[in-house]
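Novice:
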Amino acid sequence: MQKFSFNRRLVIIIVCLIVSFALMTVSVTIRNKKSTPPLIQQFGNDIVGLVDRVVALPTNGLSSSVSSISELLNTYQENQQLKQQVSELAQTKVRDQTLAKENKQLKKELELNASLTDYTAVSAAVITRTPSSWQNQVVINKGAASGVEKNMPVMSGSGLIGRIAEVNKTNSKVELITDNNDSANRFAVQITTKSGATVNGVLSGYKSTTGQITMDNITTKAKLSKGDKVVTSGLGGVTPKGLYVGTVAKASGSDYGLATKLYITPATDLSSLNVVTVAVTKQ
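Per this note's numbering, the sequence shown starts with residue -4, numbered consecutively.
What follows is the structure, encoded as structure tokens:
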């Protein structure tokens, strides 16, 4: 009984193999003879294509989204880089403008230094200028260690701006010529007129509304003209003679037409002091 069952299964297997082989042969023959696949094969191909499209749709969408996000990130990074470059360019421009201004000031200082033949010129930077004493004083970064002493004249640009009022080891306080305090130490100055006459006087104060320095104690009746140059006279032996102060702007007179007070336009803009030169006496 078992032997019959085994033979039956063997026969079935052989028959299945023969049928499968026959179908494959027929399928190949038909495919070779026809330009289109058989109906069953077409149906299978359509099913496979549909499945491919269903699977590919979200895959392609995900790929497109990933690509868009990547491009967005790249655009953001490029934007940040461009902003950084613009910021750096702006900073570079400001720095170049500052350096150009400092270079111009230093060139003026060098021209000034060459004119102080009887003194050693010590350049210094302004480190403090408080609003409450803006027109009265500044503090510079050179002191006794650099040979600076009290009452030495201080220049900036092409003209006199004040004198040393207080000296420390590494810094000094400068009393400006615009100081209106009665206790301020005044400079003796002189003017050489177009006719060759010399007019002596003393710097007496500052008129903030016009930005002009006043000059009193005028010692002559000589006629003065707008634009006449004002320089230090050297009287008193502390300040050297010939330091440029400014030019005559106008004169006010008495009832008899004599000049009693002069208004002088400073040679240097005292509202913007960064670099100064101290005229240190040569030892």
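Using N, Cα and C, we set each Cβ at its ideal position, and we do this for glycine too.
Would you identify the three-state DSSP class for T70, choosing helix, strand or coil?
Specialist: Three-state DSSP puts T70 in a helix.
Novice: Go through its chain and collect everything with a Cβ distance to N136's Cβ below 6 Å, but skip five positions before and after it.
Specialist: Taken in chain order, the residues that qualify are A119, A120, I122 and N166.
Novice: Report the rounded CA-to-CA distance for N212 versus L198, giving the unit in angstroms.
Specialist: So the alpha carbons of these two residues sit roughly 9 Å apart.
Novice: Do you know offhand how far Q293's Cα is from L68's?
Specialist: Any answer about residue 293 is impossible in this case: the structure gives the chain only from -4 up to 278.
Novice: What's the call for G231, buried or exposed, on a 16-neighbour Cβ count within 10 Å?
Specialist: So G231 ends up on the exposed side.
Novice: Count Cβ pairs between the region 231 to 245 and the region 128 to 143 that sit closer than 8 Å; are there 3 or more?
Specialist: Short answer: they don't touch.
Novice: In this structure, does DSSP put S127 in helix, strand or coil?
Specialist: Here S127 sits in helix by DSSP.
Novice: Checking 9 Å against the spacing of the C-beta atoms, do G237 and T260 come in under that value?
Specialist: In this structure, T260 does not lie closer than 9 Å to G237 by Cβ.
Novice: Identify, in the order they occur along the chain, each residue of the same chain with its Cβ nearer than 7 Å to the Cβ of K221, setting aside the five sequence neighbours on each side.
Specialist: Only V243, A244 and K245 meet the Cβ criterion.
Novice: Could you check where the beta strand (DSSP E) with I297 kicks off and where it finishes?
Specialist: Lying outside -4 to 278, the shown extent of the chain, residue 297 is not represented and no answer is given.
Novice: From the DSSP secondary-structure annotation, give me the bridge partner or partners of V10.
Specialist: Partner(s): none; V10 has no beta bridge.
Novice: Should G154 be listed as close to the ligand SAH, given that the test is whether its C-beta is under 8 Å from any heavy atom?
Specialist: This structure lacks the ligand SAH; in fact it carries no ligand of any kind.
Novice: On a Cα-Cα basis, can you pick out the residue from D177, E170 and K216 that is closest to T283?
Specialist: Lying before the first or after the last residue shown, residue 283 is absent from the chain, which here runs from -4 to 278.
Novice: Considering G154, what are the terminal residues of the beta strand (DSSP E) in which it resides?
Specialist: Run containing G154: G154 to V162, per the beta strand (DSSP E) assignment.
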